[in-house]
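A.B. asks: Here the protein sequences come in this chain order: A and B. Here the first sequence is numbered in our numbering, starting from 1 and rising by one per residue. Here the second sequence is numbered in our numbering, starting from 1 and rising by one per residue. Take a look at this one; I'll ask things after.
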Amino acid sequence: MTLQATDTLLNISNLSISFKSDDGWIRAVQDVNLQMAPGETVGLVGESGCGKSVTSLAIMGLLPRTARVEGEISLQGRNLTTLTDKELRRVRGNDVSMIFQEPMTSLNPILRIGDQIAEPLRMHAHLTSRQMSERVKELLAQVGIPNPARVMQEYPHQLSGGMRQRVMIAMAMACKPKLLIADEPTTALDVTVQAQILDLLRKLQEESGMSLLLITHDLGVVAEMCSRVTVMYAGKVVEECPVDDLYYEPEHPYTQGLLGSLPDLDKRERLRPIPGQVPPLWAMPPGCRFAPRCSRAMDICHSTEPQLLDVEPNHRVSCWLHQKGGTVS
Amino acid sequence: MLAYIVRRLGGAIVVLIGISMVTFLITFAVPGDPARMIVGPHASMQVVEQVRHNLGLDKPLYIQYLNYMGRLLHGNLGYSYNDNLPVWTLIRQRMGNTAQLAFGGWIVELAIGIPFGLISALRHQKLSDYVVSFLATFGFSLPAFWLGMELIYNVAYKLHWFPIGGTGGIRHLVLPAVTLGIVGAAFYQRLIKASMLEVFDQDYIRTARANGVPPFRVTFHHAFRNGIIPAVTYAGMDISLLLGGVVLIEQVFNYPGVGELAYMSINNLDVPVIMATVLLAAVFVVVANFVVDILYAFIDPRITLS
Ligand SMILES: Nc1ncnc2c1ncn2[C@@H]1O[C@H](COP(=O)(O)OP(=O)(O)OP(=O)(O)O)[C@@H](O)[C@H]1O
Ligand code: SF4
Ligand SMILES: [Mg+2]
């Protein structure tokens, strides 16, 4: 069963992102494809630096001007990469919103909480100031903040990290987005708070029917929250599959490595690194990017890049072990 | 809050006592004899001694100092050696003029420095950044004395746009304030540029943009108040620079302010006037810094006055 075009909320195809450097363009993300259906939760996992944040910022159109984006990102059939700044601003915080890894610094220190949550409403909804303040209160209650009327008047430094992340979530939910991108929303928080924030995201997602793109290091979180998962390595997608397949039949050696280094899924541990290091952006191996660290690498792996191909319906892998040309040992 | 004010007041008193001691010492360390200055070069030694005795200048220095401070506590600033008028009368006439000039100069500094700094930050490493940075640095490198003269000659004398000097209203204030401000604006331009560039890089600016906020509102609603905080801090220090500038500018524009009075009193070794003008400047700086701190707490909710 493949997704029909009409079922697709977000369709990223052949997305490449490069940054300008002194030695020319450096490609951080290459040929990424990703589809999301309405209401779906998709996990995006991979080691630090593999391009998860850059990909999500590209969806939001928030990359710095030194970045070049190629390929297509469409939301409900509308290509976001060709929109003008003004058109894109109407999408941000409205159809798509995002919460970030750093709740401590993502809120403006000198603006009141209520003022900040109202900002997307001010941009996208036509409300009177009374309606706006009612809506802000409602949002704060919805994300589980006690005493919304008081918290509205407070400043970020008066709140804990977990509370601030709730505020960020309230802000992101303000205009009822179709897609919420959560970039490692719990990494900076205490373990108990992490679970609360994830529960909250799940609850909000069920209530609102939005799609959730959950970026994380944490495969335990993926197991709990997501229906499908995309695994990235060094700027490319290496495996994409339903979440059950990921745990029971991971096909890519990198994915297997990630799982192998995770002793117990229920304990929600962070990924323990696979031996070796991610190659730097300016020195990508010519063949499979994982080859220098792969215990099953073959000759062809070092010379030619494998393609991302279906091994089963809805399960794609980019590895010579699974395509013609590689010899299965 | 009350505890804070009391503590600040205590600090201010210590500072003022320190400054009064140092100034007193310096006036006696410079070569020159106030008694001789008062009576003139042709008076006899006897007259000089008489004057010295009447003024208490023959007493040990610390006694003189204590006498001075004792009178000061009763609100008595003494009499000018030079023209025998009460020092307070001299100062009172001029205090308002100088406060206006310093404030006017500060406004001009901000009026140039803030927009220039914003332009530099918003158009970083583009032509307008370079132009504006050059202009600010150019203004800073002009000698205030020369700039003032040029303005007087071209704008006042030739074009008759403004009076050549003196006081009498806002028109008299413009040229001296502009001279002061042009010279000081570069500091604010650099400060605002650096702090705005830093603010634009912050996560909360990314949050604002992620909400679809347009650039103008990002700059002014989300970034500006954060970016202005270092400038407010700097303003406290700037007050003393401005007062230094005022002494010179008042000379150039023949502007009857405390600066001009201070300058004359130093030339005449008119100790009571020197003491009073220096202490007045110190009080001004202390009060200005207090206002700045309150302003600071007002702008940045993380700061509490305690
Ligand atoms: N503005 C930029 N200029 C140049 N290179 C950049 C820029 N932003 C990101 N990169 C590079 O792009 C690559 C991908 O970064 P990205 O932040 O997407 O990683 P990530 O997968 O989110 O990692 P993490 O788990 O640490 O958040 C990194 O090598 C990074 O150095
Ligand atoms: S293509 Fe080769 S090197 Fe790359 S993951 Fe598969 S087996 Fe390993
Ligand atoms: Mg990241």
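For glycine and all other residues, C-beta sits at the position ideal for the given N, C-alpha and C.
Could you tell me the alpha carbon to alpha carbon distance between A/L271 and A/Y233, rounded to whole angstroms?
C.D. replies: For A/L271, the predicted model reports a pLDDT of 49, less than 50, meaning its position is unreliable and no value from the coordinates is stated.
A.B. asks: In this structure, does DSSP put A/N14 in helix, strand or coil?
C.D. replies: In this structure, A/N14 counts as strand in the three-state DSSP scheme.
A.B. asks: Would B/T277 be called buried (16 or more neighbouring beta carbons within 10 Å of its own) or exposed?
C.D. replies: buried
A.B. asks: Quick one: Cα of A/G260 to Cα of A/M225, how far?
C.D. replies: Their Cα atoms are separated by approximately 20 Å.
A.B. asks: Pairs of beta-carbons, one from the stretch 203-212 of chain B and one from the stretch 75-82 of chain B, closer than 8 Å: are there three or more?
C.D. replies: Counting C-beta pairs with one atom in each stretch, the stretch 203-212 of chain B and the stretch 75-82 of chain B have fewer than three that are closer than 8 Å, which means they do not touch.
A.B. asks: Please tell me whether B/R302 has its Cβ less than 8 Å away from any Cβ of chain A.
C.D. replies: Answer yes: the Cβ-Cβ gap between B/R302 and chain A drops below 8 Å somewhere.
A.B. asks: Just checking, does the stretch 41-61 of chain B make contact with the stretch 9-19 of chain B on the three C-beta pairs under 8 Å criterion?
C.D. replies: no
A.B. asks: Tell me the DSSP bridge mates of B/P86?
C.D. replies: B/Y79
A.B. asks: Quick one: which residues of the stretch 121-133 of chain A get their C-beta closer than 8 Å to a C-beta of chain B? List them in chain order.
C.D. replies: M123 and H124
A.B. asks: Within 10 angstroms of the Cβ of A/D245, are there 16 or more other Cβ atoms? Answer buried if so, exposed if not.
C.D. replies: Buried: at least 16 other Cβ atoms inside 10 Å.
A.B. asks: Is there a Cβ from chain B that is less than 8 Å from the Cβ of A/I197?
C.D. replies: Interface with chain B (8 Å Cβ-Cβ cutoff): A/I197 is excluded.
A.B. asks: Determine which residues of the stretch 197-211 of chain B have a Cβ less than 9 Å from any Cβ of chain A, and write them out in chain order.
C.D. replies: Q202, D203, Y204, I205, R206, T207, A208, R209, A210 and N211
A.B. asks: In angstroms, rounded to a whole number, what distance separates the CA positions of B/N309 and B/V48?
C.D. replies: Absent from the structure is residue 309 of chain B, since the part of chain B shown begins at 1 and ends at 306.
A.B. asks: When the cut-off is 8 Å and only beta carbons count, does B/P176 lie next to chain A?
C.D. replies: no
A.B. asks: Label B/I161 either buried or exposed according to how many other C-beta atoms from any shown protein chain fall within 10 Å of its C-beta, with 16 as the threshold for buried.
C.D. replies: Residue identity differs from the one stated: residue 161 of chain B is Trp in this sequence, not Ile. Counting Cβ neighbours within 10 Å, B/W161 comes out exposed, since fewer than 16 surround it.
A.B. asks: Going by DSSP, name the residue or residues bridged to A/Q35.
C.D. replies: A/N11
A.B. asks: If you check the beta carbons only, do A/V96 and A/P185 fall under 8 Å apart?
C.D. replies: no
A.B. asks: Tell me, to the nearest whole angstrom, how far the beta carbon of A/G71 is from that of A/S18; I am working on the premise that it is less than 8 Å.
C.D. replies: No, A/G71 and A/S18 are not in contact; Cβ-Cβ is about 11 Å, not under 8 Å.
A.B. asks: Enumerated in chain order, which unbroken segments of the beta strand (DSSP E) with a length of 3 residues or greater are wholly contained in the stretch 181-263 of chain A?
C.D. replies: 211-216, 228-233 and 236-242
A.B. asks: Quick check on the burial criterion: 16 or more other C-beta atoms within 10 angstroms. Buried or exposed for A/P148?
C.D. replies: By the neighbour-count rule (16 or more Cβ atoms within 10 Å), A/P148 is buried.
A.B. asks: Report the rounded CA-to-CA distance for A/V91 versus A/M123, giving the unit in angstroms.
C.D. replies: 10 Å
A.B. asks: Decide if B/Y204 is buried, meaning its Cβ has at least 16 other Cβ atoms within 10 Å, or exposed.
C.D. replies: buried
A.B. asks: Which of the three DSSP states is assigned to A/L271 in this structure?
C.D. replies: Its pLDDT being 49, under 50, A/L271 is placed unreliably by the model, and nothing is read from it.
A.B. asks: Considering Cα atoms alone, identify which of A/S74, A/A223 and A/D199 is closest to A/T8.
C.D. replies: Closest by alpha carbon: A/S74.
A.B. asks: So, helix, strand or coil for B/Q46, using DSSP?
C.D. replies: helix
A.B. asks: From B/T207, B/D270 and B/I299, pick the residue whose C-alpha is nearest to that of B/V232; which is it?
C.D. replies: B/I299
A.B. asks: Please write down, chain order preserved, every residue whose beta carbon lies under 7 Å from a heavy atom of ligand 3.
C.D. replies: A/K52, A/S53, A/Q101, A/D183, A/E184 and A/I215
A.B. asks: In chain B, which residues lie less than 7 Å from A/Q93 when you measure between Cβ atoms?
C.D. replies: Residue identity check: residue 93 of chain A is Gly in the sequence provided, not Gln. The contacting residues are A210, N211 and G212.
A.B. asks: Taking only beta-carbon atoms, is A/I145 less than 8 Å away from chain B?
C.D. replies: no
A.B. asks: Residue range of the beta strand (DSSP E) that A/V278 falls in?
C.D. replies: Per DSSP, A/V278 belongs to no beta strand (DSSP E) and is neither H nor E.
A.B. asks: Is the closest heavy atom of ligand 2 to the C-beta of A/R316 under 7 Å?
C.D. replies: no
A.B. asks: Could you spell out the range, first to last residue, of the beta strand (DSSP E) harbouring A/G43?
C.D. replies: In the DSSP annotation of this structure, the continuous segment of the beta strand (DSSP E) that includes A/G43 starts and ends at T41 to V45.
A.B. asks: Answer yes or no: the CB of A/P64 versus the heavy atoms of ligand 1, is any distance below 7 Å?
C.D. replies: yes
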